[in-house]
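Quick notes on the structure that follows.
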Amino acid sequence: MYILAVHRLLNGLRRSLAMPSRNPRMAVVIGRLLAIAFLLCFATGIYSHFLQDPLPWMVFPTRPVNLYQVSQGVHITAGILCFPLLFAKLYIVFPELFQTPPVKSFPHFLERASIALFVSSSIVQIVIGLLNTYQWYELFPFPFRQTHYALSFVIIGSLAIHIAVKLDVIAKHWRRPAAEPASVVEPVDAQTPDDPTVPSAPGTLTSSPGRNAVIRAEGVTGRLFDWIDTTPPAEPRTSRRGFLAVVGIASAAVVALTAGQSFKLFDGVNAFGARKQGVGPNGLPINRTAAAAKVEAVASDPDWVLTVLNGTETKTFTRAQLLALPQHTVELPISCVEGWSQMATWTGVRLGDLVDSVGARGGTAIKATSLEQNSSYAIMHMGPEYVRDDLTLVALELNGDVLDLDHGYPARMIAPGRPGVLQTKWLSSLEVLS
Amino acid sequence: MTALRAWRIGLIALGLAFFVVGGITLLNDVNPARYLGIAIWLLGALVIHDGIISFVVFGANIVTRKTGGRLRIPLPALLIVQGALVVAGIMTLIVVPAMLKKSIGTANPTLLPLDYGLHLVVFYAVLAGVTALALAVYGVVRRRRPAQLVE
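Structural data, given as structure tokens:
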């Protein structure tokens with residue numbers, strides 16, 4: 354009796370939740386877009402991960418100079434785009450949550466468990482990703498970067514399994530149906546027979562009187578379902594098109610109004626980005642201030658020197674001596690792992706010239722050390738593709754002015770195609786690695 | 546073995562391989578003391594989405610359709626209003642955390658530099674304007690071509 358009541362409740366829920374926009378074709382249409390967004394996030398995320406933690410054999414491209422700006426900008430923007438797409442996808446399949454019996458077999462249990470994991474890890478992933486761009490770390494009791502990285506594999510793994518399980522549905526609904534039946538609404542679960550006389554068959558219009566007569570339940574839930582069932586029905590075609598239009602508008606809005614933090618093109622409509630182009634010292638945003646890095650005193654010390662080492666050969670340069678070396682001016686973006694980016698004009702000494710001054714020959718990797726203590730980025734390794742790039746500078750000026758203390762005064766690294774955390778500020782020493 | 550089955554096996558194997566990598570990363574890179582926090586977030590996401598947000602959306606949908614039916618508002622007009630509410634809701638979910646974080650305080654003034662509350666109000670106003678325009682356009686079209694657009 355109890356089981357029957359639960360069964361009836363679940364069926365009632367599924368039936369009441371049935372909407373014209375909740376059908377397998379729509380699930381495939383939105384699912385494809387969401388899968389593309391997920392894969393874009395994953396690919397750009399992996400790229401960003403290995404830029405920061407490269408395997409020994411890895412070599413990275415240094416052109417185009419805004420490669421990382423684009424890859425990480427796409428990462429964050431596609432991540433924000435996942436909000437409307439994921440909500441849309443979950444909205445479409447929501448009645449599936451109430452399928453009955455809840456578990457039919459062990460494989461069915463695994464399928465439902467994998468979907469639960471997929472859904473929850475996807476939601477957590479985009480939420481902590483967004484909160485990371487706001488640097489609101491206090492909210493989550495786990496390390497952001499490692500968790501975000503681990504979850505990305507869980508999500509893409511779940512995506513592969515989800516596609517495998519739904520492959521027949523996906524194949525069936527991949528293309529638009531040739532002639533669209535005007536009034537037939539397919540249930541989300543296409544395998545369930547759509548028979549109005551069978552109470553367990555979910556999914557036609559909520560106002561179908563024949564259906565309602567059969568599954569009318571008693572008690573409070575029964576009255577609630579009756580109330581719901583007498584709701585005026587949604588006209589399928591209008592409803593479906595309206596749904597897609599809303600997803601499209603929401604997606605366009607969240608992208609257009611936030612992407613300005615990463616792409617200058619959208620700066621004019623940047624209403625909700627976590628950063629704004631041109632806002633900050635030297636007209637450039639900052640991630641870590643000198644105060645936060647606790648380097649204000651040492652970095653302002655007039656006795657500061659940059660030490661350049663190659664084996665036993667050591668040279669030191671004061672800021673004045675660096676300024677006396679041949680100066681080069683380059684246009685390179687600061688592209689943060691948090692996704693914001695801005696182009697800037699940097700002037701300083703070519704890194705290649707500095708390592709040459711201590712007798713480095715050919716392709717050489719370096720280790721740069723910051724004045725900053727207690728940071729995982731205080732020591733930075735740089736491969737020869739960057740060291741020998743003409744655009745890689747030890748920068749002394751930014752946007753025509755002396756480098757601000759918060760931007761790494763007295764000297765900082767700037768190289769093409771690397772994340773901001775590797776553009777080491779407040780340089781202390783450069784060591785040529787053999 | 547059919548092609549479908551081969552694809553299925555391949556994709557599931559790929560998925561399991563990804564799970565292994567994700568699991569190893571979790572074991573190696575995340576302090577076990579943090580696992581509980583991750584588990585609570587994963588479970589909380591399901592509860593908040595499936596248990597709360599989805600039902601609120603469902604209830605709001607039923608109530609607007611009921612009200613629309615009683616007031617004899619044509620369905621497309623109702624869908625336009627509902628759509629606008631959904632767009633406003635999604636934007637609110639994304640922007641309100643920025644507002645809150647800004648009010649708590651950020652690491653430096655270049656982080657969250659905009660007036661998010663004001664921008665959100667402007668966004669609502671523009672959205673309301675666009676919605677009104679869409680309703681007006683629908684009204685005009687409906688009066689001109691009543692046979693095809695009224696159900």
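These protein sequence lines map, in sequence, to chains A and B. Each residue of the first sequence is one higher than the one before, starting from 354 at the first, in the numbering used here. Each residue of the second sequence is one higher than the one before, starting from 546 at the first, in the numbering used here. We put the beta carbon where it would ideally sit given N, CA and C, even for glycine.
With DSSP collapsed to three states, give me the class of Ile-514 (chain A). Against the first sequence, residue 514 (chain A) aligns to sequence position 161. Three-state DSSP puts Ile-514 (chain A) in a helix.
Should Gln-726 (chain A) go down as buried or exposed, given a rule of 16 or more other Cβ atoms within 10 Å for buried? By one-based count along the first sequence, residue 726 (chain A) stands at place 373. When all chains shown are included, Gln-726 (chain A) counts as exposed.
Going by other Cβ atoms of all chains shown within 10 Å of its Cβ, with 16 needed for buried, is Pro-655 (chain A) buried or exposed? As a first step, residue 655 (chain A) is located in the first sequence; it is residue number 302 there, counting from the start. Exposed is the call here.
Could you tell me whether the Cβ of Arg-687 (chain B) comes closer than 8 angstroms to any Cβ of chain A? Position 142 of the second sequence, counted from the start, is the residue given in the question as residue 687 (chain B). Taking Cβ atoms only, chain A never reaches closer than 8 angstroms to Arg-687 (chain B), which makes this a no.
What are the boundary residues of the alpha helix (DSSP H) that Val-477 (chain A) is part of? Working through the first sequence from its first residue, we reach residue 477 (chain A) at position 124. First-last of the alpha helix (DSSP H) with Val-477 (chain A): 459-486.
Quick one: grab the DSSP three-state call for His-526 (chain A). Stepping through the first sequence from its first residue, residue 526 (chain A) is reached at position 173. His-526 (chain A) falls in the coil class under three-state DSSP.
Cβ-Cβ distance between Leu-556 (chain B) and Ala-380 (chain A) below 8 angstroms: Stepping through the second sequence from its first residue, residue 556 (chain B) is reached at position 11. Stepping through the first sequence from its first residue, residue 380 (chain A) is reached at position 27. No; because the gap between Cβ atoms is not below 8 angstroms, this pair is not in contact.
Given a cut-off of 8 angstroms, decide if Gly-604 (chain B) and Gly-595 (chain A) are closer than it, judged by their beta-carbon atoms. Position 242 of the first sequence, counting from 1, holds the residue named residue 595 (chain A). Position 59 of the second sequence, counting from 1, holds the residue named residue 604 (chain B). For Gly-595 (chain A) and Gly-604 (chain B), no; Cβs fall outside 8 angstroms.
For a test of the three-state rule: what should DSSP assign to Trp-699 (chain A), helix, strand or coil? Position 346 of the first sequence holds residue 699 (chain A). Strand, per DSSP.
8 angstroms contact criterion, which Gly-770 (chain A) and Tyr-421 (chain A) should meet: CB distance rounded: Stepping through the first sequence from its first residue, residue 770 (chain A) is reached at position 417. Stepping through the first sequence from its first residue, residue 421 (chain A) is reached at position 68. Right, their Cβ atoms sit about 5 angstroms apart.
So, under 8 angstroms CB-CB, Thr-642 (chain A) and Asp-754 (chain A) are touching, yes? Tell me the CB distance rounded to an integer number of Å. Position 289 of the first sequence, counting from 1, holds the residue named residue 642 (chain A). Position 401 of the first sequence, counting from 1, holds the residue named residue 754 (chain A). No, Thr-642 (chain A) and Asp-754 (chain A) are not in contact; Cβ-Cβ is about 17 angstroms, not under 8 angstroms.
Tell me which same chain residues have a C-beta within less than 6 angstroms of the C-beta of Arg-790 (chain A), skipping the five on either side of it? Since the first residue shown for chain A is 354 and the last is 787, residue 790 (chain A) is missing from the structure and cannot be characterised.
At a Cβ cut of 9 angstroms, what residues of the segment 516-533 of chain A count as close to chain B, listed as they run along the chain? Ile-516, Ala-517, Val-518, Leu-520, Asp-521 and Ala-524
What are the residues of the segment 601-625 of chain A that lie near chain B, defined by any Cβ-Cβ distance shorter than 7 angstroms? Ile-602, Ala-603, Ala-606, Val-607, Ala-624 and Phe-625
Would the beta-carbon of Arg-690 (chain B) fall within 8 angstroms of that of Pro-494 (chain A)? As a position in the second sequence, residue 690 (chain B) is number 145, starting the count at 1. As a position in the first sequence, residue 494 (chain A) is number 141, starting the count at 1. Their beta carbons are not under 8 angstroms apart, which means Arg-690 (chain B) does not touch Pro-494 (chain A) by this criterion.
Can you tell which of A:Ser-604, A:Val-456, A:Pro-634 and A:Asn-419 has the C-alpha that lies nearest to the C-alpha of Gly-432 (chain A)? Locating residue 432 (chain A) in the first sequence gives position 79, where the first residue counts as 1. Of the candidates A:Ser-604, A:Val-456, A:Pro-634 and A:Asn-419, the one whose C-alpha sits nearest the C-alpha of Gly-432 (chain A) is A:Ser-604.
Beta bridge counterpart(s) of Asn-663 (chain A) as assigned by DSSP: Residue 663 (chain A) sits at position 310 when you count from the first residue of the first sequence. Asn-663 (chain A) pairs with A:Glu-666 and A:Val-785.
Comparing alpha-carbon positions, which option in A:Asp-406, A:Asn-485, A:Pro-455 and A:Asp-521 lies nearest Arg-550 (chain B)? Numbered from its first residue, the second sequence carries residue 550 (chain B) at position 5. Per the Cα distances, A:Asp-521.
Which one of A:Gly-426, A:Leu-357, A:Gly-365 and A:Leu-408 has the shortest CA to CA distance from Ala-390 (chain A)? One-based indexing of the first sequence puts residue 390 (chain A) at position 37. For Ala-390 (chain A), the nearest C-alpha among the options comes from A:Gly-426.
CA-CA distance, Phe-616 (chain A) and Trp-552 (chain B)? Along the first sequence, one-based indexing puts residue 616 (chain A) at 263. Along the second sequence, one-based indexing puts residue 552 (chain B) at 7. So the alpha carbons of these two residues sit roughly 39 angstroms apart.
Nearest to Phe-670 (chain A) by alpha carbon, out of A:Ile-767, A:Val-711 and A:Thr-698? The sequence position of residue 670 (chain A) within the first sequence is 317, counting from 1. That would be A:Val-711, whose Cα lies nearest to the Cα of Phe-670 (chain A).
Between the C-alpha atoms of Leu-662 (chain A) and Leu-724 (chain A), what's the straight-line distance to the nearest angstrom? Locating residue 662 (chain A) in the first sequence gives position 309, where the first residue counts as 1. Locating residue 724 (chain A) in the first sequence gives position 371, where the first residue counts as 1. Going by the C-alpha atoms only, they are around 16 angstroms apart.
Verify the CB distance criterion: does Glu-696 (chain B) have a CB-CB separation below 8 angstroms to chain A? For this step, residue 696 (chain B) is matched to residue 151 along the second sequence. Residue confidence is low: Glu-696 (chain B) scores 46 on pLDDT, short of 50, so the model does not pin down where it sits. Its coordinate-derived value is still stated next. Yes, Glu-696 (chain B) counts as interfacial toward chain A.
Could you check what DSSP says for Pro-772 (chain A) in three-state terms: helix, strand or coil? For the purposes of this step, residue 772 (chain A) is identified with residue 419 of the first sequence, where counting begins at 1. Residue state, collapsed to three classes: coil.
How many Å lie between Val-599 (chain A) and Phe-625 (chain A) at the Cα? As a position in the first sequence, residue 599 (chain A) is number 246, starting the count at 1. As a position in the first sequence, residue 625 (chain A) is number 272, starting the count at 1. Roughly 20 angstroms separates the two Cα atoms.
Closest Cα partner of Ser-688 (chain A) within the set A:Tyr-502, A:Leu-637, A:Trp-410 and A:Ala-517: Along the first sequence, read from residue 1 onward, the residue named residue 688 (chain A) stands at position 335. Of the candidates A:Tyr-502, A:Leu-637, A:Trp-410 and A:Ala-517, the one whose C-alpha sits nearest the C-alpha of Ser-688 (chain A) is A:Leu-637.
Please determine, among A:Arg-765, A:Leu-749, A:Val-785 and A:Gly-736, the residue with the shortest C-alpha to C-alpha distance to Trp-708 (chain A). Here residue 708 (chain A) corresponds to residue number 355 of the first sequence, with the count starting at 1. Before going on, a small fix: residue 708 (chain A) reads as Val here, not Trp. The shortest Cα separation from Val-708 (chain A) among A:Arg-765, A:Leu-749, A:Val-785 and A:Gly-736 belongs to A:Val-785.
Examine the Cβ distances between the segment 495-503 of chain A and the segment 569-577 of chain B and report whether three or more of them are shorter than 8 angstroms. yes
Nearest-angstrom Cα separation, counted from Leu-665 (chain B) out to Val-640 (chain B): Stepping through the second sequence from its first residue, residue 640 (chain B) is reached at position 95. Stepping through the second sequence from its first residue, residue 665 (chain B) is reached at position 120. Distance between the alpha carbons of Val-640 (chain B) and Leu-665 (chain B): 7 angstroms.
Among residues of its own chain, excluding the 5 on either side of Arg-741 (chain A), which ones have a beta-carbon nearer than 7 angstroms to its beta-carbon? For the purposes of this step, residue 741 (chain A) is identified with residue 388 of the first sequence, where counting begins at 1. Cβ within range, chain order: Gly-705 and Gly-716.
Per the DSSP calculation, Thr-500 (chain A) is bridged to which residue(s)? By 1-based counting over the first sequence, the position of residue 500 (chain A) is 147. BP columns for Thr-500 (chain A) are empty, so no partner.
Determine which residues of the segment 575-586 of chain B have a Cβ less than 7 angstroms from any Cβ of chain A, and write them out in chain order. Val-575, Arg-579, Gly-582, Ile-583 and Trp-586
Per DSSP, the bridge partner or partners of Met-733 (chain A): Numbered from 1 along the first sequence, position 380 holds the residue referred to as residue 733 (chain A). Paired residue(s): A:Ala-721.
Is it true that the segment 695-703 of chain A meets the segment 731-746 of chain A, where meeting means three or more beta-carbon pairs spaced less than 8 angstroms apart? yes
Exposed or buried, what is Arg-649 (chain B) when buried is set at 16 or more other beta-carbons lying within 10 Å of its beta-carbon? If you number the second sequence from 1, residue 649 (chain B) lands on position 104. One point to set straight first is that residue 649 (chain B) is Ile, not Arg, in the sequence displayed. Its Cβ having fewer than 16 others within 10 Å, Ile-649 (chain B) is exposed.
Mind listing the chain A neighbours of Val-566 (chain B)? Cutoff is C-beta to C-beta under 7 angstroms, in chain order. Within the second sequence, numbered from 1, the residue matching residue 566 (chain B) stands at position 21. Simply Phe-506.
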